[in-house]
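Residues in the sequence shown are numbered consecutively from 5, following my numbering.
We put the beta carbon where it would ideally sit given N, CA and C, even for glycine.
Computed from a predicted structure; not experimentally measured.
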Amino acid sequence: MKAHRKILTVGLGLNLAWVTGCQSDYPALSPAHLDFSDGRVTDSIGSSLWKDFRQSRKLLEAWSPVPDSPWTPFAKPTLFSALDEIGSKVQPIYTPAAQAAEVQARNFARHERVPNNTMLIVDLPGEETVVWGVALARECKLQPVATFNNWPHQRGILKAERVLGALLYYAAEMDKLKKAGALSSAARPVLMMDSNRLGLAKTVKDTDFDNRYYLLESDLPSSAQLKSAGIEHILYVGSNQDVQEEQDDLNPYFKALHDSGIDFAILSAQAYTDKGAVLAAKERRESGYYHRSGSHFPWWLLYYAGRGHTPIPRPTLFSGTPAQGASRRFIRTSAGGFGGYHGIQSGSGG
């Protein structure tokens, strides 16, 4: 039987097969060849308790929203479920970039005020997003909601195992926070996103395992759900110093929320690297606030380097026609929401 040159394989297991019925020569997941460099012996609380979270169920419990949380439906189990396949090869990861993110997240959490009517979306490289998630839980009592929605593979376009290692590094700390009652079901969410999910900076080869993904509007809280929780504002945290807009997959979602009356601010995580600059800006802001009418003081001016953002429809990766192969190929292989295992195989076989 002759296979198609390019095929899509979707399943919950790790043994890929041709959609035409022929066996694929695509290699199975090889945990020994995953990238756990920068692995640590101890975790974020200086313990070896991370070893207790090397099962997908345990790690998912540590990072899931608390019981009865309205945000539970938006927490993706997909990446966590890969842990049982990886086994003892998994390592907690804490990189120099994560250390820098720790400083930024701490400066934000300790020196900025997050009103009760505001939700955060943190869209940074996955390991850094995890750092922000736990820092906001620790300092601000927000509920991290993981949206990581694909598997690692040694040939993966994305190094999803790096995010998994970061989740493991902070697992014991998150578990302790939850068991101590620090987080409540009424706590506001912080949606944790991996800014690498679209793989826009990647050169895709035919031999790559395509584990890119994107998020659909149905993967995220609706306007009605946000408003029922009293959320009127969304603060979007991006990675670039001059971040101007949300990523392509979020554009229709942001536009729909904005049309329903929810407004946005956008800021760069990098703006929080220098504590002195953050404190000086905060002092200037607060001085200005006390001399202005609250009705004329935009909520986003509360944030250092923050600015208002109006999402508008724009050409994105997903607005191509079938003739525009790159966009269509990505959409075929990377649809968010079904939490499967995706791969592209080239060549013939049978």
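Limits of the unbroken alpha helix (DSSP H) element including V138: Position 134 of the sequence shown, counted from the start, is the residue given in the question as residue 138. 130-144 is the extent of the alpha helix (DSSP H) around V138.
Proximity to S92 [Cα-Cα], best of T122, Q108, W54: Here residue 92 is taken as the residue at index 88 of the sequence shown, counted from 1. It is W54 whose Cα lies nearest to the Cα of S92.
Per-residue DSSP class, three states only, for P31: Walking along the sequence shown from the start, residue 31 turns up at place 27. Residue state, collapsed to three classes: coil.
Through-space distance from R61 to A273, alpha-carbon basis: In the sequence shown, counting from the first residue as 1, residue 273 sits at position 269. In the sequence shown, counting from the first residue as 1, residue 61 sits at position 57. Cα-Cα distance, rounded: 31 Å.
Contact between the stretch 114-128 and the stretch 189-198 (3+ Cβ pairs under 8 Å): yes
Nearest-angstrom beta carbon gap, S226 and I266 [assumed within contact, 8 Å]: If you number the sequence shown from 1, residue 266 lands on position 262. If you number the sequence shown from 1, residue 226 lands on position 222. Contact doesn't hold; Cβ gap of about 10 Å is too wide.
Residues bridged to L195 (per DSSP): Counting from 1 along the sequence shown, the entry for residue 195 is found at position 191. According to DSSP, L195 bridges with I125, V149.
Buried or exposed by the 16-neighbour rule on C-beta atoms within 10 Å, applied to G137: For this step, residue 137 is matched to residue 133 along the sequence shown. Answer is buried; the Cβ neighbour count reaches 16.
Status (buried if at least 16 other CB within 10 Å, exposed otherwise) for A176: The count along the sequence shown starts at 1 and reaches residue 176 at position 172. With 16 or more other Cβ atoms within 10 Å, it is buried.
Buried or exposed (CB count within 10 angstroms, at least 16 for buried), E290: Position 286 of the sequence shown, counting from 1, holds the residue named residue 290. Label assigned to E290: exposed.
Contact check, W155 vs N200, beta carbons under 8 Å: For the purposes of this step, residue 155 is taken as the residue at position 151 of the sequence shown. For the purposes of this step, residue 200 is taken as the residue at position 196 of the sequence shown. The Cβ atoms of W155 and N200 do not sit closer than 8 Å to each other.
Spatial distance of P96 from S264 (CA atoms): Here residue 96 is taken as the residue at index 92 of the sequence shown, counted from 1. Here residue 264 is taken as the residue at index 260 of the sequence shown, counted from 1. C-alpha separation (whole angstroms): 41 Å.
Beta-bridge pairing of L239 - partner residues as DSSP gives them: Here the question's residue 239 lines up with position 235 in the sequence shown. Per DSSP, L124, A269.
Alpha-carbon to alpha-carbon, I49 and T99: As a working mapping, residue 99 is identified with position 95 in the sequence shown. As a working mapping, residue 49 is identified with position 45 in the sequence shown. In a straight line, the C-alpha of T99 is about 16 Å away from that of I49.
Cβ-based neighbour list, L172, same chain, cut-off 7 Å, excluding 5 preceding and 5 following: As a position in the sequence shown, residue 172 is number 168, starting the count at 1. Cβ neighbours of L172 beyond the five flanking positions: W54, F57, L63, V94, P96.
Coil, strand or helix - H313 by DSSP: Translated into positions along the sequence shown, residue 313 becomes position 309. If DSSP states are grouped into helix, strand and coil, H313 belongs with the strands.
Residues bridged to I97 (per DSSP): Here residue 97 refers to the residue found at position 93 when the sequence shown is read from its first residue. For I97, which the question treats as bridged, DSSP gives the partners G43.
Selection from V107, L187, G234 that minimises the alpha carbon distance to D72: Walking along the sequence shown from the start, residue 72 turns up at place 68. When only C-alpha atoms are compared, the closest one is L187.
Validate contact between the stretch 111-119 and the stretch 80-87 using beta carbons, cut 8 Å, 3 pairs: With the cut-off at 8 Å, the stretch 111-119 and the stretch 80-87 do not touch.
Alpha-carbon spacing of A104 relative to T82, whole angstroms: Here residue 104 corresponds to residue number 100 of the sequence shown, with the count starting at 1. Here residue 82 corresponds to residue number 78 of the sequence shown, with the count starting at 1. Between A104 and T82, the alpha-carbon positions lie close to 27 Å from each other.
Local Cβ density within 10 Å of N255, reported as buried at 16 or more and exposed below that: Stepping through the sequence shown from its first residue, residue 255 is reached at position 251. Label assigned to N255: buried.
Residues of its chain near F213, where Cβ-Cβ distance is below 6 Å and the 5 sequence neighbours each way are ignored: On the sequence shown, residue 213 is found 209 positions in, with the first residue counted as 1. Answer for F213: H157, R159, G160, G347, listed in chain order.
Beta carbon of A101 nearer than 8 Å to that of E65: One-based indexing of the sequence shown puts residue 101 at position 97. One-based indexing of the sequence shown puts residue 65 at position 61. Not a contact, by the Cβ cut-off of 8 Å.
Proximity winner among A32, E236, D198, D210, relative to E250 (alpha-carbon distances): Taking the sequence shown and counting its residues from 1, the one referred to as residue 250 is at position 246. Among A32, E236, D198, D210, the Cα nearest to that of E250 is on D198.
Close Cβ partners of V135 (< 6 Å) along its chain, the five nearest in sequence each way excluded: Numbered from its first residue, the sequence shown carries residue 135 at position 131. Around V135: A102, A105, E106, A109.
Neighbourhood of L181 by C-beta, 7 Å cutoff - its chain only, sequence neighbours within 5 removed: Here residue 181 refers to the residue found at position 177 of the sequence shown. Excluding residues within five positions, the ones whose Cβ falls inside 7 Å are A141, R142, L187.
CB-CB length for C144 against A184, believed under 8 Å: Reading the sequence shown from its first residue, position 140 is the one you call residue 144. Reading the sequence shown from its first residue, position 180 is the one you call residue 184. Not a contact, Cβ separation roughly 15 Å.
DSSP three-state assignment for H262, whether helix, strand or coil: Here residue 262 corresponds to residue number 258 of the sequence shown, with the count starting at 1. Helix at H262.
CA-to-CA distance, A233 to K10, given in whole angstroms: Here residue 10 is taken as the residue at index 6 of the sequence shown, counted from 1. Here residue 233 is taken as the residue at index 229 of the sequence shown, counted from 1. Residue placement at K10 is poorly supported in this model, since its pLDDT is 35, which falls under 50; the coordinates still yield a value, given next. Distance between the alpha carbons of K10 and A233 is about 45 Å.
Sheet register partners of F213 (DSSP bridge): Within the sequence shown, residue 213 is the residue found at index 209, counting from 1. According to DSSP, which records beta bridges pairwise, F213 is partnered with G160.
DSSP-derived helix/strand/coil call for S85: Numbered from 1 along the sequence shown, position 81 holds the residue referred to as residue 85. If DSSP states are grouped into helix, strand and coil, S85 belongs with the helices.
For D1, the three-state DSSP class (helix, strand or coil): Nothing about residue 1 can be read from this structure; the chain reaches only from 5 to 354.
Nearest to A79 (by Cα), restricted to the options G43, Q147, D42: Stepping through the sequence shown from its first residue, residue 79 is reached at position 75. The candidate whose alpha carbon is nearest that of A79 is Q147.
Cβ of A150 within 8 Å of any chain C Cβ: Reference to chain C is not applicable here, since this structure consists of a single protein chain.
Between the CA atoms of G312 and F2 - distance to the nearest angstrom: It is not possible to answer for residue 2, since the shown part of the chain is limited to 5 through 354.
Burial state of Q27, where buried means 16 or more other Cβ atoms lie within 10 Å: Your numbering for residue 27 matches position 23 in the sequence shown. Because the pLDDT at Q27 is just 40, under 50, the model does not fix this residue reliably, and the value given afterwards should be weighed accordingly. Q27 comes out exposed.
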